[in-house]
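Under the numbering used here, think of the first position of the sequence shown as 2, with each following residue one higher.
Note that beta-carbon positions come from the ideal geometry of N, C-alpha and C, so glycine has one too.
Below you'll find the structure, written out as structure tokens, and then a few comments.
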Amino acid sequence: MRCGLVCLLAVLGLFGCDALLFRTPIYPSYLEPDSSTGQFELILRREQTAQTLNGDNLVATLGNSRFAYAPRLSNEITFRTGYAFRHAGVAGSDVRTWYYMLRDLDPAASRYRAIVFGLDDFDDEDGLFDPNDDMRSLHYVIARLRWSDAWDFARSFDSRRLQFEALRGALLKGFVYQADFRAFLSDPRKRIDYVQLCRRGYESWTYDYVETNNSLAGLEVDWSAWTAKYPPGTDQDQRDTIRNFLMRKPAPQIGRIANYRRLWFGRILDRYRGSRTRIIFIRLPRGPLPRPDDAARKASGSVLEFAARPNVLLCDEHAFDSLEHPELFRDALHLNRDGIARFSPMLAEKIRSMLGPSTQR
2 MRCGLVCLLA VLGLFGCDAL LFRTPIYPSY LEPDSSTGQF ELILRREQTA QTLNGDNLVA
62 TLGNSRFAYA PRLSNEITFR TGYAFRHAGV AGSDVRTWYY MLRDLDPAAS RYRAIVFGLD
122 DFDDEDGLFD PNDDMRSLHY VIARLRWSDA WDFARSFDSR RLQFEALRGA LLKGFVYQAD
182 FRAFLSDPRK RIDYVQLCRR GYESWTYDYV ETNNSLAGLE VDWSAWTAKY PPGTDQDQRD
242 TIRNFLMRKP APQIGRIANY RRLWFGRILD RYRGSRTRII FIRLPRGPLP RPDDAARKAS
302 GSVLEFAARP NVLLCDEHAF DSLEHPELFR DALHLNRDGI ARFSPMLAEK IRSMLGPSTQ
362 R
């Protein structure tokens, strides 16, 4: 009896200490800014601040690093579109991460005139890995997970091992924060100073950022032989993205990405049901030399199914095909400076045409 009581008190003490350290706003405010969790929190904080500085015709965009546009350039034509653009995407993230971002960024599901998701494709094409088992999402959203999220979040993984890791991390956040916490304790003053620097500068650093003008001009691909001819001066990163992304052969199609999208986009759409906010899906420029459409047999198009909902709009899939040229890409994944300069106003004009005239200038 006494042994059981001691064990119970020890467990309660562990949960209490973890909650005191990591479930109050204090420690998450001083996470390493360059970590995945720190980046997520900086972006969330930046966009919460931006909400107070912009009017009712605010458009939020979400995606990963492939959604390469400059809100600054989109907003240069706000006098014409009537809409202000903000980007709440996180590099390396996906829709599971975006769900938790929006839940805390827009708790009443009413702040934005539209939310725009940038996707590689409207059709569902499985990759080589299971999107359910992407453990990066735990590290992105750990500061946002509540007690009530733990079981549901853990069950969204397929692997039993990862389910356990996600459940343990969601219940005891110290397991996820341990490396960050050790680094903090090694030099608290340095961490605090760096966090304060990032808080002061992050808005201007990101909003005014200018992408490199490196390009893949001269890239040639023979799709019949599935081979690429690299242009002179191609660096290792460019070669890697060409080989691993552009020239990646299709994986077996078993419906994993379709189920994943239906679950997490479905939750987002349910949050905004009946809201004034429109949900817009766009297909991003696919690459410097897009793979032929018939290269992979895609069994479904979950995004096309979402269009049946009253507040969902699908952008023309070919709206940005004109950007799919090697000279507009810095590697096989990302637009370069010239590409972004073209894409940003195109995006703003396209969203305006879909939403119609704004109610406020």
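Start-to-end residues for the beta strand (DSSP E) that takes in residue i
| i | result |
| --- | --- |
| G119 | A115 to L120 |
| R284 | R279 to R284 |
| E221 | E221 to D223 |
| K230 | T228 to K230 |
Coil, strand or helix - residue i by DSSP
| i | result |
| --- | --- |
| R362 | Confidence at R362 is low in this model, with a pLDDT of 48, below 50, so its placement is unreliable and the value that follows should be read with caution. Looking at R362 - three-state DSSP - the assignment turns out to be coil, as it is neither helix nor strand. |
| E77 | coil |
| I44 | helix |
| C18 | helix |
| T98 | helix |
| V211 | coil |
| T242 | helix |
| Q254 | coil |
| Y70 | coil |
| C236 | Strictly speaking, residue 236 in this sequence is Asp, with Cys absent from that position. Three-state result, D236: coil. |
| R147 | coil |
| V91 | coil |
| I27 | coil |
| G302 | coil |
| D153 | helix |
| N260 | helix |
| C4 | helix |
| D295 | helix |
| S37 | helix |
| Y273 | coil |
Endpoints, the alpha helix (DSSP H) within which residue i is located
| i | result |
| --- | --- |
| I352 | R338 to L356 |
| H335 | Note, H335: premise wrong, no alpha helix (DSSP H); not H, not E. |
| N65 | That residue, N65, is in no alpha helix (DSSP H); it is neither H nor E in DSSP. |
| Y141 | R137 to V142 |
| H187 | The question names His, yet the displayed sequence has Ser at residue 187. Where S187 is concerned, the enclosing alpha helix (DSSP H) stretches over G175 to S187. |
| R161 | R161 to L172 |
8 Å Cβ cutoff met for residue i and residue j
| i | j | result |
| --- | --- | --- |
| P72 | Y208 | yes |
| R87 | A51 | yes |
| N215 | Y273 | no |
| G97 | S138 | Looking at the sequence shown, residue 97 is not Gly but Arg. Yes. Within cutoff. |
| L329 | R343 | yes |
| E374 | G275 | Residue 374 lies beyond the stretch modelled for the chain, which goes from 2 to 362, so this question has no answer here. |
| T38 | H140 | yes |
| L163 | M136 | yes |
| Q239 | D127 | no |
| R353 | G83 | yes |
| N76 | A85 | yes |
| L63 | I116 | yes |
| D134 | G302 | no |
| L32 | E48 | no |
| N65 | S94 | yes |
| P233 | L217 | no |
| L173 | D19 | yes |
| Y113 | L59 | yes |
| E166 | A69 | no |
Per DSSP, the bridge partner or partners of residue i
| i | result |
| --- | --- |
| V60 | F86 and A115 |
| F330 | L336 |
| T1 | The chain is shown from 2 up to 362; residue 1 falls before or after that span and cannot be answered. |
| L314 | I281 |
Exposure of residue i, with buried meaning 16 or more beta-carbon neighbours within 10 Å
| i | result |
| --- | --- |
| W148 | exposed |
| D159 | exposed |
| P26 | exposed |
| D322 | exposed |
| M102 | buried |
| N337 | buried |
| C316 | buried |
| I280 | buried |
| R362 | At R362, the pLDDT of 48 sits below 50, so the modelled position is not reliable; the number obtained from the coordinates is stated separately. Exposed, because fewer than 16 other Cβ atoms sit within 10 Å of the Cβ of R362. |
| H335 | buried |
| L348 | buried |
| Y210 | exposed |
| N245 | exposed |
| K250 | exposed |
| G170 | buried |
| E221 | exposed |
| L186 | exposed |
| F118 | buried |
| A300 | exposed |
| W99 | buried |
| D332 | buried |
| G219 | exposed |
| C4 | exposed |
| L21 | exposed |
Any non-hydrogen atom of the ligand COA closer than 7 Å to residue i Cβ
| i | result |
| --- | --- |
| Y203 | Among the ligands in the structure shown, none appear at all, so the ligand COA cannot be discussed. |
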